[in-house]
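S.K.: Note that this note's numbering has the sequence shown beginning at 19, numbered continuously upward.
Beta carbons: idealized from backbone N, C-alpha and C, even for Gly.
No experiment lies behind these values; they were computed from the predicted model shown.
My questions all concern the structure below.
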Amino acid sequence: MSLRLTEKDRKVLEAFTAKNGVSNVPMAGIWLEENRKFSISRRSLYNIVSKLVKMQYLRKLPGDVSPATYEPGVMCYKEKKKGCAKNGAKSTVVATGDTPLYPAPYPLDGVVVAKECPDGYGALHLNGSMSLNVVKEGTLDDIRIGNLDVGRWKPEHGTPGAVNHGGEIDIDGQIITFNFRKGTNTGNLTFTLWPARIFIDPAKFQTRDQLVDVFRRRAMKVSSILARYGWMLTDPKFDSNSKIELAFPDSPLVTILPNGHSDTGFYADGSKGHPEAELVINEDRDLKRADIVNNFDRYILEAKADASEAKTSCSDAHRRIDSLLVLVDRIIEVQDRTSDAILRNSENIANLVKADSELTALILSQQTRSVYSPADVPGRKLEGYQ
Numbered sequence: 019m020s021l022r023l024t025e026k027d028r029k030v031l032e033a034f035t036a037k038n039g040v041s042n043v044p045m046a047g048i049w050l051e052e053n054r055k056f057s058i059s060r061r062s063l064y065n066i067v068s069k070l071v072k073m074q075y076l077r078k079l080p081g082d083v084s085p086a087t088y089e090p091g092v093m094c095y096k097e098k099k100k101g102c103a104k105n106g107a108k109s110t111v112v113a114t115g116d117t118p119l120y121p122a123p124y125p126l127d128g129v130v131v132a133k134e135c136p137d138g139y140g141a142l143h144l145n146g147s148m149s150l151n152v153v154k155e156g157t158l159d160d161i162r163i164g165n166l167d168v169g170r171w172k173p174e175h176g177t178p179g180a181v182n183h184g185g186e187i188d189i190d191g192q193i194i195t196f197n198f199r200k201g202t203n204t205g206n207l208t209f210t211l212w213p214a215r216i217f218i219d220p221a222k223f224q225t226r227d228q229l230v231d232v233f234r235r236r237a238m239k240v241s242s243i244l245a246r247y248g249w250m251l252t253d254p255k256f257d258s259n260s261k262i263e264l265a266f267p268d269s270p271l272v273t274i275l276p277n278g279h280s281d282t283g284f285y286a287d288g289s290k291g292h293p294e295a296e297l298v299i300n301e302d303r304d305l306k307r308a309d310i311v312n313n314f315d316r317y318i319l320e321a322k323a324d325a326s327e328a329k330t331s332c333s334d335a336h337r338r339i340d341s342l343l344v345l346v347d348r349i350i351e352v353q354d355r356t357s358d359a360i361l362r363n364s365e366n367i368a369n370l371v372k373a374d375s376e377l378t379a380l381i382l383s384q385q386t387r388s389v390y391s392p393a394d395v396p397g398r399k400l401e402g403y404q
């Protein structure tokens, strides 16, 4: 049975999504009593918030802050879009084409939220900036999510032919900077964004376009938050000459890489205060190179283990070959002895046959001598009997 929002659920949701709403459960109870004259037990409030998170109307912000903080989730923004479409009014949620309608929906597979790059991840960043179309200019109020301060606008500063308003916002543990420029003569509006670092597992990404989408999601998260203050920012794009780079802090490869940019797009960079192996992502195959760099130690150990195993297997093969050679030698020796014996037996047989022939001839000659005719015997006279 699918979950549905009750009237009580929607009142609690309103406490987190109103312009001057709150961002944690204890403050939500106070807000409901003060603004809606609605009283609810702390236990029921926590249960409803858990339900809203499960249904993606609220999203728990990463971190160990207590009490936990929440912001509007995917379904919340989708409902706003449908409501605006029904009324024929312009939505305050900024989205065009296939642009996400809501803040970047982390957890995005392969992306981790952290202040510093964890082991096993790379620091994805843009060597350049992004631009968003300014459909509508909003206010320059301090930026909040519920009762949580997340950003601010800086004082106005002028440049030739334009007025600039810089700002910064804390998203996913990173400080993202931006600048709104308004031409004094032309009235042209420009919103430029520097998306800061995003920590990713290179093995989870196969194409450069997937990395581009990661940056677009971050830009749309900024625009979605600013939408609460009347801003309508759409279609984030890379500015000209912007390059996607992936850095690996404290990589053992920094000692052998050239410092600064190289023709291979793979170099050592120490501009952040500590050495990093840095790789420019120009095409899909560069992500395979990045995975090798990221897992350099593991691949070396695996190669060493494979070499050791191959060496052991080779030694075993040599021993087996040696055993076979010994066996072959023995077989040859037996064959030689057998051949000699057969040869000797043949000679003995020949000698026996010869001796037998000679004996037969001798016997035959003796038989011939003993057989004679009586006529051949000379006559004798018997004396004394005459």
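Helix, strand or coil for Gln192 per DSSP?
M.R.: Here Gln192 sits in strand by DSSP.
S.K.: Between Ala286 and Gly140, which are expected to be in contact by the criterion C-beta below 8 Å, what is the C-beta distance as a whole number of angstroms?
M.R.: Incorrect: roughly 15 Å between the Cβ atoms, too far for contact.
S.K.: Classify Asn366 as buried or exposed, calling it buried when 16 or more other Cβ atoms lie within 10 Å of its own Cβ.
M.R.: Classification for Asn366: exposed.
S.K.: Helix, strand or coil: which one does DSSP assign to Ala107?
M.R.: Summary for Ala107: the model assigns pLDDT 43, below 50, so the residue's position carries little reliability; its value from the coordinates is reported in the next sentence. In the structure shown, Ala107 sits in coil (DSSP, three-state: anything other than H, G, I, E or B).
S.K.: Tell me whether Met148 sits in a helix, a strand or coil according to DSSP, three-state version.
M.R.: DSSP places Met148 in strand when its eight states are reduced to three.
S.K.: Bridge partners of Pro267, per DSSP?
M.R.: In DSSP, Pro267 forms a bridge with Glu294.
S.K.: Using CA coordinates, which residue listed in Leu70, Val298, Gly179 is at the minimum distance from Pro220?
M.R.: When each option's Cα is compared against that of Pro220, the closest is Val298.
S.K.: Identify the residues that DSSP records as bridge partners of Thr252: which are they?
M.R.: Note: Thr252 sits in a beta bridge opposite Asn151.
S.K.: So does the segment 235 to 254 actually touch the segment 144 to 159, counting three or more Cβ pairs closer than 8 Å?
M.R.: Output reads yes: the segment 144 to 159 touches the segment 235 to 254.
S.K.: Between the Cα of Leu166 and the Cα atoms of Arg28, Ala368, Thr35, which residue gives the shortest distance?
M.R.: Among Arg28, Ala368, Thr35, the Cα nearest to that of Leu166 belongs to Thr35.
S.K.: Going by beta-carbon coordinates alone, are Pro270 and Phe217 separated by less than 8 Å?
M.R.: Not a contact, by the Cβ cut-off of 8 Å.
S.K.: Pop quiz: Thr202 and Val230 are said to be a contact at Cβ under 8 Å. What is the actual Cβ separation, rounded to whole angstroms?
M.R.: The Cβ separation is near 33 Å, so there is no contact.
S.K.: For Thr35, does the three-state DSSP call read helix, strand or coil?
M.R.: Three-state result, Thr35: helix.
S.K.: Specify the secondary structure class of Asp287 as computed by DSSP and reduced to three states.
M.R.: In the structure shown, Asp287 sits in a strand (DSSP, three-state: E or B).
S.K.: With distances taken Cα to Cα, identify the nearest neighbour of Lys96 among Ala308, Ala86, Leu79, Met73.
M.R.: Of Ala308, Ala86, Leu79, Met73, the residue nearest in Cα terms is Met73.
S.K.: Does the separation of the CB atoms of Lys90 and Leu76 fall below 8 Å?
M.R.: Contrary to the premise, residue 90 reads as Pro rather than Lys in this sequence. Yes, these two residues count as a Cβ contact at 8 Å.
S.K.: Could you give the DSSP three-state label for Ala141: helix, strand or coil?
M.R.: Note: Ala141 maps to strand in three-state DSSP.
S.K.: Within 10 angstroms of the Cβ of Ser41, are there 16 or more other Cβ atoms? Answer buried if so, exposed if not.
M.R.: Under this definition Ser41 is a buried residue.
S.K.: What would DSSP say about Arg28, mapped onto helix, strand or coil?
M.R.: Note: Arg28 maps to helix in three-state DSSP.
S.K.: Pull up the distance between the alpha-carbon of Pro173 and that of Arg199, whole angstroms please.
M.R.: Near 13 Å, if we compare the C-alpha coordinates of Arg199 and Pro173.
S.K.: Please go through the segment 43 to 78 and give each complete alpha helix (DSSP H) segment of 4 or more residues, from N-terminal end onward.
M.R.: Complete alpha helix (DSSP H) runs here, min 4: 43 to 54, 60 to 72.
S.K.: Using the three-state DSSP reduction, which class does Glu134 fall into: helix, strand or coil?
M.R.: Here Glu134 sits in coil by DSSP.
S.K.: Rounded to whole angstroms, what's the CA-CA distance from Arg338 to Ser357? Just pull it up for me.
M.R.: Their backbone Cα atoms lie some 28 Å apart in a straight line.
S.K.: Thinking just about the alpha-carbon of each residue, which of Asp309, Ala328, Lys69, His183 is nearest to the one in Leu158?
M.R.: If we check each option's Cα against that of Leu158, His183 comes out closest.
S.K.: If you drop the 5 nearest sequence neighbours on each side, which residues of the same chain put their C-beta closer than 7 Å to that of Gly191?
M.R.: Contacts found: Val131, Ala132, Lys133.
S.K.: From Ser242 to Pro293, what distance separates their C-alpha atoms?
M.R.: Spanning the two alpha carbons is a distance of roughly 35 Å.
S.K.: So what's Phe223 in DSSP terms, helix, strand or just coil?
M.R.: DSSP places Phe223 in coil when its eight states are reduced to three.
S.K.: So Arg226 and Ile262 are supposed to be a Cβ contact under 8 Å. How far apart are they, rounded?
M.R.: Contact holds; Cβ gap of about 7 Å.
S.K.: Excluding sequence positions up to five away, which residues of its chain have a Cβ less than 6 Å from the Cβ of Gly39?
M.R.: So the qualifying residues of the chain are Ala33, Gly164.
S.K.: Pull up the distance between the alpha-carbon of Leu342 and that of Ala359, whole angstroms please.
M.R.: Their backbone Cα atoms lie some 25 Å apart in a straight line.
S.K.: Assuming Asp27 and Ile66 make a contact with CB atoms under 8 Å, what is their CB distance in whole Å?
M.R.: Contact holds; Cβ gap of about 6 Å.
S.K.: I'd like the list of long-range same chain contacts for Asn259, defined as Cβ closer than 8 Å, with 5 residues on each side in sequence excluded.
M.R.: Counting only Cβ-Cβ distances below 8 Å, and skipping sequence neighbours, we find Gly146.
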